[in-house]
Amino acid sequence: AQTVTQSQPEMSVQEAETVTLSCTYDTSESNYYLFWYKQPPSRQMILVIRQEAYKQQNATENRFSVNFQKAAKSFSLKISDSQLGDTAMYFCAFMKAGGTSYGKLTFGQGTILTVHP
Amino acid sequence: GAVVSQHPSWVICKSGTSVKIECRSLDFQATTMFWYRQFPKQSLMLMATSNEGSKATYEQGVEKDKFLINHASLTLSTLTVTSAHPEDSSFYICSARSRQGMAEAFFGQGTRLTVV
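Chains A and B, in that order, are what the protein sequence lines are.
Note that the numbering used here has the first sequence beginning at 5, numbered continuously upward.
Note that the numbering used here has the second sequence beginning at 187, numbered continuously upward.
Given below as structure tokens:
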């Protein structure tokens, strides 16, 4: 079984500043995917970024980037130029690759991010 | 993009009654759907995996007789909370996996259930 740990229950950042959310995971799998999801007050789950474990290059999506350290089993999310709309709960998630595992996610505890004007 | 619609968005029911929540994939066929439960400011916990045409697989600790799951077609899975009690009040979210088996989960909007 895999576990995902987010050790920061809450974070805050000033608008336009940069913030990094931490995530570590534990697994014995060699093929997997890692995700960051955003859950705003509407509670709709929104995919922020995805990382394939076999790729060494860190994923980037506009203002969002990750620092994927496979050996350390670490997967942090950096948000640059923070905006008020980034205020949400952020979840780190793990998905085992292959067959019937696709789609099944294991989530971390979540980090509530507040962006202040 | 892949759209998953969950209905209703919120429901209030009396203790002892049953409530059905629907999860539909609108523009793709979902061989597998997943049901999660989320308490306020907490994480999503997987309850069960729903496979089209077969019995659902429940996670340890989830009462299969209380949370009935049916996946009768490639676009619809339902979760029925039977004999609901106040402790069943929670936010329930479904997600779906496409038939192509992409490494991506598509989420419904969620259902807020309040049992009074």
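For every residue, glycine included, the Cβ atom is placed at its ideal position computed from N, Cα and C.
Bear in mind the structure is a predicted one, so any value in this text is a computation, not a measurement.
Could you list which residues in chain A have their beta carbon closer than 7 Å to that of residue i, in chain order?
i, result
"Gln310 of chain B", "For chain B, the structure presents residues 187 to 302; residue 310 of chain B sits outside this window and is missing."
"Gln295 of chain B", "Gln48"
"Ser281 of chain B", "Gly107"
Does residue i pass the burial test, meaning 16 or more other C-beta atoms within 10 Å, or should it be called exposed?
i, result
"Ile207 of chain B", "buried"
"Tyr29 of chain A", "buried"
"Ala216 of chain B", "buried"
"Tyr106 of chain A", "buried"
"Thr9 of chain A", "exposed"
"Gly114 of chain A", "buried"
"Asp251 of chain B", "exposed"
"Ser16 of chain A", "exposed"
"His313 of chain B", "Since the first residue shown for chain B is 187 and the last is 302, residue 313 of chain B is missing from the structure and cannot be characterised."
Mind checking if residue i is an interface residue toward chain B, Cβ cutoff 8 Å exclusive?
i, result
"Ala101 of chain A", "yes"
"Lys108 of chain A", "yes"
"Phe68 of chain A", "no"
Answer with yes or no whether the minimum CB distance from residue i to chain A is below 8 Å.
i, result
"Ala188 of chain B", "no"
"Thr268 of chain B", "no"
"Leu254 of chain B", "no"
"Phe277 of chain B", "yes"
"Ala234 of chain B", "no"
"Leu230 of chain B", "yes"
Round the Cβ separation of residue i and residue j to the nearest angstrom and send it over; I've been treating them as touching at under 8 Å.
i, j, result
"Glu19 of chain A", "His120 of chain A", "7 Å"
"Ser211 of chain B", "Thr261 of chain B", "5 Å"
"Gly296 of chain B", "Ser191 of chain B", "11 Å between Cβ atoms; not a contact."
"Ser204 of chain B", "Thr266 of chain B", "6 Å"
"Met323 of chain B", "Ala282 of chain B", "Since the first and last residues shown for chain B are 187 and 302, residue 323 of chain B lies out of range."
"Phe95 of chain A", "Gln43 of chain A", "7 Å"
"Ser259 of chain B", "Glu238 of chain B", "7 Å"
"Gln55 of chain A", "Phe68 of chain A", "Between Phe68 of chain A and Gln55 of chain A the Cβ distance is about 11 Å, and since that is not below 8 Å, they are no contact."
Could you list which residues in chain A have their beta carbon closer than 9 Å to that of residue i, in chain order?
i, result
"Lys227 of chain B", "Pro13, Met93, Gly114 and Ile116"
In terms of residue numbering, what span does the beta strand (DSSP E) encompassing residue i cover?
i, result
"Leu117 of chain A", "Thr115 to His120"
"Lys77 of chain A", "That residue, Lys77 of chain A, is in no beta strand (DSSP E); it is neither H nor E in DSSP."
"Arg298 of chain B", "Thr297 to Val301"
"Tyr58 of chain A", "That residue, Tyr58 of chain A, is in no beta strand (DSSP E); it is neither H nor E in DSSP."
"Glu208 of chain B", "Val205 to Ser211"
"Ala234 of chain B", "Leu230 to Asn237"
Residue i touches chain A at which residues, Cβ-Cβ below 8 Å?
i, result
"Phe220 of chain B", "Gly107, Lys108 and Leu109"
Which residues of chain B have a Cβ atom closer than 9 Å to the Cβ of residue i, listed in chain order?
i, result
"Tyr37 of chain A", "Ala289 and Glu290"
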